[in-house]
Amino acid sequence: MNDTPAPSPCLDQALEILQHTFGYTEFRPPQDHIIGHLIDGGDALVLMPTGGGKSLCYQIPAMVRAGTGIIISPLIALMQDQVSALQQLGIRAACLNSALTPESARAVESQLLAAELDLLYVAPERLLTSRMIDLLGRSHIALFAIDEAHCVSQWGHDFRPEYIQLSQLHERFPNIPRIALTATADEPTRKEIIERLALNEAERFIVGFDRPNIRYRIDENSGNARERLLRFIQDEHPGEAGIVYCLSRKRVDEVAAWLRTKYIEALPYHAGLDSKTRELHQTRFLREEGVVIVATIAFGMGIDKPDVRFVAHLNLPKSVEAYYQETGRAGRDGLPADAWMVYGLQDVIMLRQMQASSEADETHKRLERHKLDAMLSLCETTECRRQALLGYFADPLEQPCGNCDICLQPPETWDATVAAQKALSCAHRTGQRFGVNYLVDVLLGKDNQRIQQFRHHQVSTYGIGDEHSAPEWRTIYRQLIARGLLAVDLEGYGGLHLTPASRTVLRGETQLMLRKVRKISKRTKREARRDTKITDAHRDLWEALRKLRLNLAESQGVPAYVIFHDATLMEMAERRPQTREQLATVSGVGDRKLEAYGNDFLQLLQTFNPSLDDPALDTIEETLKHLQQGRDVTEIALQRELTEATIYNHLATAIEQERLSLHETLTLPEDQLNTIRFAFEQYGVDGRLRQVYEALEGEYDYGLLRCVQAHLRIGG
Ligand code: ADP
Ligand code: ZN
């Protein structure tokens with residue numbers, strides 16, 4: 106007798122798909138349970154952190170079950186990229202949303218009816234039109250997946266009214282399994298999802314919320330936030346993709362423009378830009394490598410770019426939920442990433458004021474106050490950030506994490522009781538209506554007109570604070586406000602008054618320990634470097650692999666990560682597979698991609714020589730030989746089983762090395778050459794090929810442009 110049940114044949118099939126289609130070795134629990142449950146026809150609610158691997162939980166069952174899986178997602182702008190990524194894997198996927206022309210939409214509809222689709226992504230507002238419901242009624246449906254399910258919650262920050270209607274699915278199609286997925290899930294939101302989507306019967310799969318690859322760092326803003334940000338990007342993330350969040354549109358524009366003057370490819374994104382610009386910036390962020398988006402919170406919901414290496418906050422988010430969600434956009438691929446923030450006194454005062462003057466009812470206000478307090482205490486904590494974060498989400502972490510600023514460099518604290526008493530009584534003596542800067546002036550005994558005017562050079566706290574500098578006093582005030590020992594006035598002038606809690610400090614009944622201002626240390630920097638994983642030995646190969654990937658992506662107009670994720674390239678750089686069999690064992694290399702790109706990558710891996718920054722000479726030689734025999738690029742690519750992008754790349758290198766001239770390479774009429782030359786002159790011959798490509802409205806493909814670029818570079 107054997108008491109382990111035989112694995113269901115369906116799960117075997119699921120594993121087969123995981124390995125051959127997606128190129129991964131094994132499921133990350135509980136993916137296997139979720140997939141098995143859905144294949145068997147059950148409903149599921151899945152709470153999993155960003156990057157946990159939610160997509161496979163519905164994609165694979167949709168492929169195993171007969172019929173089409175319908176995915177409801179609010180992220181219209183990203184649907185096409187998701188679909189492209191699936192098509193690259195050989196999966197029959199499509200989408201229906203308002204970005205499609207009526208003809209394309211009709212084509213997709215007939216594919217659905219003809220059972221020619223594995224997966225169909227649909228925008229929620231479209232799903233519940235009578236036309237769509239009717240269409241679904243006549244199609245064979247494998248399952249419904251409701252992505253970003255927290256959009257159904259009215260309390261959440263991403264509420265979408267159309268989501269409320271989704272409960273109709275259950276009424277209309279009671280026998281089709283449904284799976285709702287989200288990465289946001291405090292208890293009230295969870296309850297709301299279950300209720301509103303009628304998921305009472307659904308099995309719940311809740312995965313811990315930790316994102317161990319993200320390093321949390323929160324530091325004080327001592328007035329030089331922009332410079333600190335620049336140094337952070339230059340030192341730790343040069344040429345890498347990231348998101349910078351600011352509070353206001355004006356600040357977004359200003360920071361983006363300033364970063365560009367420092368040669369960082371930074372693009373603004375906020376609701377004040379027209380939709381075309383926004384879309385362009387989002388697309389460039391997704392498609393190109395190393396673009397930094399500077400945005401208000403309007404940016405980012407569901408951005409599923411896997412290789413965002415950092416999220417930086419130049420302002421304090423309103424709640425821990427918002428902070429966690431925004432920082433969660435970093436490192437979805439599981440590789441090391443940074444959540445970096447600076448915040449200061451001004452943030453605290455501004456958010457407190459915004460809240461106090463909000464029109465919301467008292468219950469709502471109390472809730473918001475509570476949320477901001479939690480955020481502030483996360484900032485001011487002297488214990489592991491991750492423990493504080495996960496504790497907030499009721500998912501406690503036993504040990505300090507070892508991967509946050511506090512663990513890496515524990516802050517020093519000092520007994521600030523006396524200083525706090527001075528600071529508080531100065532507010533008291535001056536009538537509880539002045540702001541921080543004024544109070545600091547009084548403490549330091551400044552002689553200025555305002556102080557004279559109010560006769561505050563006569564109060565007992567005048568000039569009693571010269572043991573601390575002005576910035577130190579501001580830090581003290583910030584911590585007092587953050588801890589609720591001082592409150593900000595409602596009128597908006599930043600006046601500070603005492604709170605009931607301040608009395609115990611004033612009377613000396615509690616000892617108050619505050620954080621010392623931290624010097625930015627070299628240590629954190631070195632630590633951060635250490636685990637970026639790519640050692641110098643790999644770096645050249647890694648760059649060459651990235652370049653090849655970009656060529657392949659550009660020539661198809663898809664984002665680079667759709668070809669291979671960073672994690673896959675990194676594994677290639679480390680293991681240097683030399684045969685197809687070896688390449689097939691690299692995580693993320695499935696059958697279809699092995700077929701499409703295997704030879705290109707193997708060529709590079711087999712011939713890579715770090716002393717040359719381009720593909721090794723003999724492979725170029727080989728291409729040139731074919732060219733001399735009178736073959737064109739398409740024929741050479743076919744013959745050599747490489748992509749055309751790679752062949753063009755060989756030719757461009759040869760042109761740049763002056764071993765080949767442009768007219769030996771291509772037949773390009775003079776007027777067309779001039780048009781292209783003109784475009785290059787506008788953007789600079791070393792500028793981004795994409796800009797030239799777009800300026801020419803896609804008329805010439807990338808390979809050809811690359812050859813012309815090489816020609817111009819050598820003065821042609
Ligand atoms: P989520 O939607 O939960 O944020 P994704 O579904 O985008 O996460 O998955 C995050 C990353 O993890 C993707 O790069 C995905 O391909 C990868 N991934 C998912 N499941 C596995 C697995 N079983 N093995 C290896 N990689 C996986
Ligand atoms: Zn920690």
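Under my numbering, the first residue of the sequence shown carries the number 106, and numbering increases by one thereafter.
Just so you know, even glycine gets a beta-carbon here, dropped at the ideal spot from N, CA and C.
Could you tell me the distance, in whole angstroms, from the CA atom of residue i to the CA atom of residue j?
i    : j    : result
E726 : T770 : 14 Å
A346 : E431 : 15 Å
Q136 : C200 : 24 Å
R283 : F337 : 44 Å
A400 : R583 : 26 Å
R654 : Q777 : 28 Å
F415 : G395 : 11 Å
Y368 : E799 : 22 Å
V873 : F669 : Any property of residue 873 remains undetermined from this structure, which presents the chain solely from 106 to 821.
R635 : C509 : Bear in mind that the predicted position of R635 carries a pLDDT of just 39, short of 50, making it unreliable; the figure below should be weighed with that in mind. Approximately 14 Å, taken between the alpha carbons.
S380 : Y543 : 44 Å
G146 : G313 : 25 Å
D340 : L364 : 14 Å
L191 : P515 : 45 Å
A658 : Q185 : 15 Å
K423 : L456 : 7 Å
V453 : V151 : 35 Å
E632 : L240 : Confidence in E632 is poor, its pLDDT being 43 and thus under 50, which makes the residue's placement unreliable; the coordinate value appears in the next sentence. About 56 Å.
E131 : G157 : 14 Å
Y497 : P293 : 14 Å
E473 : Q460 : 7 Å
Y788 : I408 : 29 Å
C115 : E253 : 27 Å
R197 : L224 : 7 Å
N779 : G821 : 11 Å
D546 : A575 : 8 Å
L591 : H561 : 20 Å
A479 : V425 : 7 Å
T109 : H138 : Because the pLDDT at T109 is just 46, under 50, the model does not fix this residue reliably, and the value given afterwards should be weighed accordingly. Each residue's Cα considered, the two are about 15 Å apart.
R897 : L743 : Since the displayed the chain opens at 106 and closes at 821, residue 897 lies outside it and no answer follows.
R354 : I581 : 30 Å
T637 : D671 : Low per-residue confidence applies at T637: pLDDT is 47, beneath 50, and the placement is therefore not dependable, though the value from the model is reported in the following sentence. Whole-angstrom Cα-Cα distance: 12 Å.
L548 : E464 : 36 Å
Going by the beta-carbon positions, is the gap between residue i and residue j smaller than 8 Å?
i    : j    : result
I299 : T287 : no
L233 : Q270 : yes
P501 : C512 : no
A171 : H245 : yes
S189 : A228 : no
G600 : R538 : yes
R620 : T712 : no
L440 : N280 : no
Y129 : L248 : no
V360 : L419 : yes
A149 : F404 : no
I140 : P166 : yes
D520 : Q616 : yes
T748 : D806 : no
Y753 : D412 : no
A524 : H602 : no
H755 : T772 : no
L483 : A493 : yes
What whole-angstrom Cβ distance do residue i and residue j have, given they're in contact under 8 Å?
i    : j    : result
R579 : L450 : 5 Å
Y448 : N326 : 6 Å
H255 : T289 : 4 Å
G662 : R685 : G662 to R685, Cβ: 27 Å. No contact.
L218 : R236 : With a Cβ gap of about 13 Å, L218 and R236 do not count as contacting.
Is any heavy atom in the ligand HEM found nearer than 7 Å to the beta carbon of residue i?
i    : result
E131 : You won't find the ligand HEM in this model; what it holds is the ligand ADP and the ligand ZN.
List in chain order: all unbroken alpha helix (DSSP H) runs of 4+ residues lying wholly within the region 564-596.
-> 575-587
For the ligand ZN, which residues have a Cβ under 7 Å from at least one heavy atom, in chain order?
-> C489, R490, R491, Q492, P505, C506, G507, N508, C509, I511 and C512
Starting from the N-terminal side, write out each stretch of the beta strand (DSSP E) that is 3 residues or longer and does not extend beyond the region 270-321.
-> 283-287 and 308-311
Go through the region 353-440 residue by residue and report every complete run of the beta strand (DSSP E) that reaches 3 residues or more, in order.
-> 371-374, 397-400 and 415-418
Ignoring anything shorter than 4 residues or poking outside the region 182-254, list the alpha helix (DSSP H) runs there in chain order.
-> 207-218, 229-232 and 235-242
Only counting runs of 4 or more residues, tell me where the alpha helix (DSSP H) segments fall wholly within the region 632-690, in order along the chain.
-> 641-661, 665-668, 671-680 and 685-689
Mind pulling the beta strand (DSSP E) runs of 3 or more residues that sit fully within the region 495-558?
-> 518-520
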